[in-house]
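First to last, the protein sequences are chains X and H.
The opening residue of the first sequence carries number 1 in UniProt numbering; numbering runs sequentially from there.
The opening residue of the second sequence carries number 1 in UniProt numbering; numbering runs sequentially from there.
Note that beta-carbon positions come from the ideal geometry of N, C-alpha and C, so glycine has one too.
Before any comments, here is the structure.
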Amino acid sequence: MIQLIDLYKEYKTKKGTVVGVDHVNLTIPKGQIFGIVGYSGAGKSSVLRCINLLEKPTSGQVLVDGVDLISLSKNELRLARQNIGMIFQHFYLISSKTVSENIAFALKAAGKSSSVITERVTELLQLVGLADKADQYPAQLSGGQKQRVGIARALANDPHVLLCDEPTSALDPKTTQSILALLGQINQSLGLTIVLITHEMEVVKDLCHGVAIMQDGRIIEEGAVYDIFANPIQPLTKEFIQTTLEFKLPQKLLDKLDPAGKVVKVLFRDEAAEKAIIADMLKASGIHANILHGKIEYIGEKPLGTFIMEVTGDAAGIDKALKYLESQSCGVEVVTHVN
Amino acid sequence: MSIDTLVELLPDMIKAFKETLFMVGISLLIAIAVGIPIGILLFVSDKGLFSENRLLNTVLGFVANMIRSIPFLILLVLLLPVTDWILGTTIGPAAAAVPLSVAAIPFYARLVESSLREVNKGVIEAAVAVGAKPWLIIKDVLLPEAKSGIISGLTITAISLLGFSAMAGTVGGGGIGDLAIRFGYYRYDNGVLFTTVILLIALVQIIQLIGDWAARRVDKR
């Protein structure tokens, strides 16, 4: 478990003091994959780097498995870091060492004997699917392969926590998927707590259980990923979610719409997404509905449906229909400009 | 000048050549042995690095700059008592190696430091994040990653030392420079002067070639 208590970090620059992390409180339960989302400069990277004290907070506490890292001596901190793996956007492998040697470095750091190291390196190469690349140099690998080496190095000493600093931002979509799948698999099989920072909501949707959205050094919204996607409150959160649940209708279609009707965006959450609510609504109100756009996302196997519909008919009927949708725990939003 | 005089001078030339190699070689070895550790200390004690130590960094940096700001010829003279104290003499290639080493150490240390600065900060940070001891980071990350630059720095140091050794020669150090001055300049023998210059040119080219080859060989980027 990771607890950040009143974490505060300021940077001294020539122009004065800049607050990087502004009194952040965060608890990440054991075994969870937790995403921290924000634009660059929001402080998400600083928060992550405070968890293994690569950056020392100005004030506040960092507890990993109940141990206050800031109170540790230099050597104790070094040992504590062996329980906290970290991977990076740009991998940061030692270019003059082979894949095996890069992984072995982490084990050497933990003072393992050479026979243990050889055995463990083979095991880790298997785990990340790079058994055939053991003697290659990083320059000979693709981005995805380099990140796999990074993951193997981070996992070498059986950490309880894995910190991921934009792990897929330098990778193409296909490689991103394979790295995310690997991280998910590691989380499942090793019960590892994973903290991941990203600016891609897609990554959060596919991988994370919990998420926090950061802006100006503060956490502005936090919760289970499904809840955040289904009920975003802050404008920035909505903005981020729109990047994955985006609906664009062609102008030609909009021009043809009946001016008497309404265009509505309906969100089906939880069980509503699995019931025939639209059919019931039409039957009860006697209006017409035309689906213009829509999709159902599965977030951690729970469906979240979003549909854009044009509803036509008499005004009272439309009103009744929308009220019905709201009563079924659906989010209804009348949109005039869909684009 | 004739071929005869050159042949006559051949034993002197070979002796001078050996002396030059000896004083440059000794001071290079000392530059490696002392300059690399000082270069590492300069780097890792700098702000934001894993063994940050402002006092050590400032003091080392100041001393290195101080020695480097003294013109070599003056350093040579200033160090005469030290040389005498260490070796009991101030004449000969061994004596010349003392000021050469003193000049080479800070020179090479700065080159080592600057090649360490070229090492990706993220790679160092990744090593800190896995909980490696400073010594392991130096040995397994910094030195291998900067190896190519450290070798190039050694090439530059060797060639500079060759130039310095000519000056050391004039105050009794011996070597090719001394030969060129004594025969070529004082005796107006241009033939000897040109021969030594050609010898030095060839030597510098060879050092550079070997240095470049070695630097390329270790580079895995």
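Considering just the uninterrupted stretch of the beta strand (DSSP E) at residue 301/X, what are its terminal residues? For this step, residue 301/X is matched to residue 301 along the first sequence. Neither: residue 301/X is in no beta strand (DSSP E) and is coded neither H nor E.
State yes or no: is the C-beta of residue 195/X within less than 8 Å of the C-beta of residue 161/X? Counted from its first residue, the first sequence places residue 195/X at position 195. Counted from its first residue, the first sequence places residue 161/X at position 161. Yes.
Which chain X residues are close to residue 120/H, counting only those with a beta carbon under 7 Å from its beta carbon? Taking the first residue of the second sequence as 1, we reach residue 120/H at position 120. Residues of chain X passing the Cβ test: 92.
Classification of residue 339/X by the beta-carbon crowding that lies within 10 angstroms, buried from 16 upward: On the first sequence, position 339 is the one that residue 339/X refers to. Low confidence applies to residue 339/X: its pLDDT is 42, below 50, so where it sits in the model is not reliable enough to give any reading.
For the 8 Å Cβ check, are there 3 or more pairs between the region 102-122 of chain X and the region 64-77 of chain X? No, the region 102-122 of chain X is not in contact with the region 64-77 of chain X.
Determine, using beta carbons only, whether residue 108/X comes closer than 8 Å to chain H. Residue 108/X sits at position 108 when you count from the first residue of the first sequence. Closer than 8 Å to some Cβ of chain H, the Cβ of residue 108/X qualifies, so yes.
Three or more C-beta pairs under 8 Å: does that hold for the region 14-34 of chain H against the region 62-76 of chain H? no
Given a threshold of 16 other Cβ atoms within 10 Å of its Cβ, counted over all protein chains shown, does residue 10/H qualify as buried or as exposed? The sequence position of residue 10/H within the second sequence is 10, counting from 1. Answer is exposed; the Cβ neighbour count stays below 16.
Check whether chain X comes within 8 Å of residue 138/H, counting only Cβ atoms and requiring the distance to be less than that. In the second sequence, residue 138/H corresponds to position 138, counting from 1. For residue 138/H, the answer is no, since every Cβ of chain X falls outside 8 Å of its Cβ.
By the three-class DSSP mapping on this structure, what secondary structure does residue 224/X have? The residue labelled residue 224/X in the question sits at position 224 within the first sequence. In the structure shown, residue 224/X sits in a strand (DSSP, three-state: E or B).
Would a C-beta distance cut-off of 8 Å place residue 200/H and residue 154/H closer than the cut-off? For the purposes of this step, residue 200/H is taken as residue 200 along the second sequence, with counting starting at 1. For the purposes of this step, residue 154/H is taken as residue 154 along the second sequence, with counting starting at 1. No. Outside cutoff.
Residue from 35/X, 101/X, 125/X whose Cα sits closest to the Cα of residue 207/X: For the purposes of this step, residue 207/X is identified with residue 207 of the first sequence, where counting begins at 1. Here the closest residue by C-alpha is 35/X.
Could you tell me whether any Cβ in chain H is nearer than 8 Å to the Cβ of residue 231/X? Counting from 1 along the first sequence, the entry for residue 231/X is found at position 231. No - not a single Cβ of chain H is within 8 Å of the one on residue 231/X.
What is the rounded straight-line gap between the Cα of residue 54/X and the Cα of residue 107/H? What you label residue 54/X is simply residue 54 of the first sequence in a count that begins at 1. What you label residue 107/H is simply residue 107 of the second sequence in a count that begins at 1. C-alpha separation (whole angstroms): 33 Å.
Within 8 Å of any Cβ in chain X, is that where the Cβ of residue 19/H sits? Translated into positions along the second sequence, residue 19/H becomes position 19. Taking Cβ atoms only, chain X never reaches closer than 8 Å to residue 19/H, which makes this a no.
Are residue 172/X and residue 45/X closer than 8 Å when you measure CB to CB? The residue given as residue 172/X occupies position 172 in the first sequence. The residue given as residue 45/X occupies position 45 in the first sequence. Taking 8 Å as the cut-off, the Cβ atoms of residue 172/X and residue 45/X do not count as close.
Chain H partners of residue 54/X, CB-CB under 8 Å? Within the first sequence, residue 54/X is the residue found at index 54, counting from 1. Ordered by position in chain H, the residues that pass the 8 Å Cβ test against residue 54/X are 125, 128, 129.
Residue 338/X in three-state terms, based on DSSP: Indexing the first sequence from 1 puts residue 338/X at position 338. Here the model assigns residue 338/X a pLDDT of 48, short of 50, so the residue's position is not dependable and the matter cannot be decided.
Boundaries of the beta strand (DSSP E) in which residue 247/X is found, first to last residue: Translated into positions along the first sequence, residue 247/X becomes position 247. Careful: residue 247/X lies outside any beta strand (DSSP E) and carries neither H nor E.
Curious, which full-length alpha helix (DSSP H) runs of at least 4 residues does the region 109-145 of chain H contain? 121-129, 134-137
Just to check my reading of the structure: residue 23/X and residue 8/X have Cβ atoms closer than 8 Å, yes? What is that Cβ distance to the nearest angstrom? In the first sequence, residue 23/X corresponds to position 23, counting from 1. In the first sequence, residue 8/X corresponds to position 8, counting from 1. With a Cβ gap of about 5 Å, residue 23/X and residue 8/X count as contacting.
Whole-angstrom C-beta distance between residue 234/X and residue 221/X, which should lie under 8 Å: Taking the first residue of the first sequence as 1, we reach residue 221/X at position 221. Taking the first residue of the first sequence as 1, we reach residue 234/X at position 234. Going by Cβ atoms, the distance from residue 221/X to residue 234/X rounds to 5 Å, so yes, they are a contact pair.
Which listed residue (127/H, 15/H, 122/H, 210/H) has its alpha carbon closest to that of residue 148/H: The residue labelled residue 148/H in the question sits at position 148 within the second sequence. In terms of CA proximity to residue 148/H, 210/H leads the group 127/H, 15/H, 122/H, 210/H.
To the nearest whole angstrom, what separates the beta carbons of residue 165/H and residue 20/H, a pair I think is in contact under 8 Å? Here residue 165/H refers to the residue found at position 165 when the second sequence is read from its first residue. Here residue 20/H refers to the residue found at position 20 when the second sequence is read from its first residue. Right, their Cβ atoms sit about 6 Å apart.
With distance defined between alpha-carbon atoms, name the residue in 60/X, 20/X, 13/X, 56/X nearest to residue 26/X. The count along the first sequence starts at 1 and reaches residue 26/X at position 26. Checked all of 60/X, 20/X, 13/X, 56/X; the closest Cα to residue 26/X is 60/X.
Simplified DSSP assignment, three categories, for residue 58/H: As a position in the second sequence, residue 58/H is number 58, starting the count at 1. Three-state DSSP puts residue 58/H in a helix.
Residue 236/X and residue 215/X: beta carbons closer than 8 Å? Counting from 1 along the first sequence, the entry for residue 236/X is found at position 236. Counting from 1 along the first sequence, the entry for residue 215/X is found at position 215. In contact: residue 236/X and residue 215/X (Cβ atoms closer than 8 Å).
Could you name the residues of the same chain whose beta carbon sits closer than 6 Å to that of residue 334/X, not counting the 5 residues immediately before and after it, in chain order? The residue you call residue 334/X lines up with position 334 of the first sequence. Once the five neighbours on either side are set aside, the close Cβ partners of residue 334/X are 262, 264.
Please go through the same chain and pick out, in chain order, the residues whose beta-carbon is closer than 7 Å to the beta-carbon of residue 170/H, but skip the five residues on each side of it. Position 170 of the second sequence, counted from the start, is the residue given in the question as residue 170/H. Cβ neighbours of residue 170/H beyond the five flanking positions: 177, 178, 181.
Excluding the 5 residues preceding and the 5 following residue 159/X in the sequence, name in chain order all residues of the same chain whose CB lies nearer than 6 Å to its CB. Along the first sequence, read from residue 1 onward, the residue named residue 159/X stands at position 159. Cβ neighbours of residue 159/X beyond the five flanking positions: 83, 84, 85.
Note down, in chain order, each residue of its chain lying with its Cβ closer than 8 Å to the Cβ of residue 208/H, except the 5 sequence neighbours on either side. Mapped onto the second sequence, residue 208/H falls at position 208. If we look at residue 208/H and ignore the five residues flanking it on each side, its Cβ neighbours are 155, 159.
Nearest CA to the CA of residue 61/H: which residue from 85/H, 38/H, 80/H? For the purposes of this step, residue 61/H is identified with residue 61 of the second sequence, where counting begins at 1. The residue from 85/H, 38/H, 80/H with its alpha-carbon nearest to that of residue 61/H is 38/H.
Quick one: what's got a C-beta closer than 6 Å to residue 187/X's C-beta in the same chain, skipping five residues either side? As a working mapping, residue 187/X is identified with position 187 in the first sequence. These residues qualify, in order along the chain: 33, 194.
Per DSSP, what are the beta-bridge partners of residue 290/X in this structure? Reading the first sequence from its first residue, position 290 is the one you call residue 290/X. BP columns for residue 290/X point to 310/X.
Could you have a look at residue 31/X and say whether DSSP puts it in helix, strand or coil? Translated into positions along the first sequence, residue 31/X becomes position 31. Coil at residue 31/X, not helix or strand.
For residue 39/X, which of helix, strand or coil comes out of DSSP? As a first step, residue 39/X must be located in the first sequence, where it is residue number 39. Three-state result, residue 39/X: coil.
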